[in-house]
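Numbering-wise, the UniProt record's numbering puts 101 at position 101 of the sequence shown, and it's gapless, one number per residue.
Virtual Cβ for every residue (Gly too), placed ideally from N, Cα, C.
From a predicted model like this one, the values you see are computed outputs, not experimental measurements.
This report concerns only the one structure given below.
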Amino acid sequence: MDIHIRDIRSGGTFNHFCQRLGIENATQKILYSPFNYPEQSLLCVPRYLPNTNQVNTLNSLGEMLLPVIEANKGRCFVLCTSYSMMRGLAEYFREKSHLSILLQGETSKGKLLEQFIKETHSVLVATSSFWEGVDVRGDALSLVIIDKLPFTAPDEPLLKARIEDCRLQGGDPFNDIQIPEAVITLKQGVGRLIRDVTDRGVVIICDNRLVMRNYGETFLKSLPNSSRTRDLNKVIQFLQNK
């Protein structure tokens, strides 16, 4: 049996995927992307990110991101890991910006995408259903912002059961389950940006754990080899030098 699928590697291997399906002794082949990521894309984990434990985190994050979004004249996906952050950022942008702010849930997914492409200078704020299976090519999308690493909530019933099973087998749930699944989800979100050899743009991930925690390197190694910066001014320069 042949299985052809994108974005299922974690840490450069298919081991997590094979383990989930009970596949043993599988022949693995990696077909690399035709995209020139260092030239076409820039990855930014901004400096001076707001403390996620503070009450005003949402407003501080919106204040940090809005100048970049407006410099790019919209053309932006903001992918959130929670509905509360999604709604909060959309409300903030609507209050502070003249751009068209589209929000997941206000109409169907298909209509939102159609409106996003048609309006040109718009911002789509969304959560889980827009992290994958969305293909926007060309100038309509040149900025993807991700609010934080997409770890599944530990109290999610299916994840709780898998964590318990992993522990019973002597495994390490965080490294064996939670990190690999978050890596795959992050790859899917980042993959919304470069969809064609002529696409160009920036991914901003607003989570210091990528550079402050040991496991951050696992995430970074799984992403395309884009150029990198922590300076939002350089992000604006990259976006404006198309």
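Going by the DSSP bridge assignment, what does L103 pair with across the sheet? V125
Look at the alpha carbon of D2 and the alpha carbon of K73, and state the distance between them as a whole number of angstroms. Residue placement at D2 is flagged as unreliable, the pLDDT there being 48, under the threshold of 50; a coordinate-derived value is accordingly withheld.
Compute the Euclidean distance between the alpha carbons of Q104 and T127, then round it to the nearest angstrom. 7 Å
DSSP state of L49 mapped onto helix, strand, coil: coil
Can you have a look at V123 and say buried or exposed, based on whether 16 or more other CB atoms are within 10 angstroms of its CB? buried
Excluding sequence positions up to five away, which residues of its chain have a Cβ less than 6 Å from the Cβ of R228? L43
Just the Cα atoms here: how many angstroms apart are H4 and N225? Residue placement at H4 cannot be trusted, given a pLDDT of 47 that sits under 50; the coordinates are not used to answer.
Of the residues G110, L141, V202, K187, which one's Cα is nearest the Cα of R230? V202
The beta strand (DSSP E) that contains S41, what's its start and end? 41-44
Opening and closing residue of the alpha helix (DSSP H) in which V211 lies: 209-212
Buried or exposed: V197, going by 16 or more other Cβ atoms within 10 Å of its Cβ? exposed
Taking the alpha carbon of C76 as the point to measure from, which residue in N233, G189, S33, E164 has its own alpha carbon closest? G189
Based on the DSSP secondary-structure assignment, which residues constitute the bridge partners of S82? Answer is none; S82 lacks a bridge partner.
So, is P180 buried or exposed, given that buried needs 16 or more other C-beta atoms within 10 angstroms? buried
What are the partner residues of T229, as DSSP defines its beta bridges? C44
Chain-order list of residues whose beta-carbon lies under 7 Å from that of Y83 (same chain, five-residue window excluded): T127
With burial defined as no fewer than 16 other Cβ atoms inside 10 Å of the residue's Cβ, what is the status of Y48: buried or exposed? exposed
Cα-Cα separation between V78 and S108, rounded to whole angstroms: 17 Å
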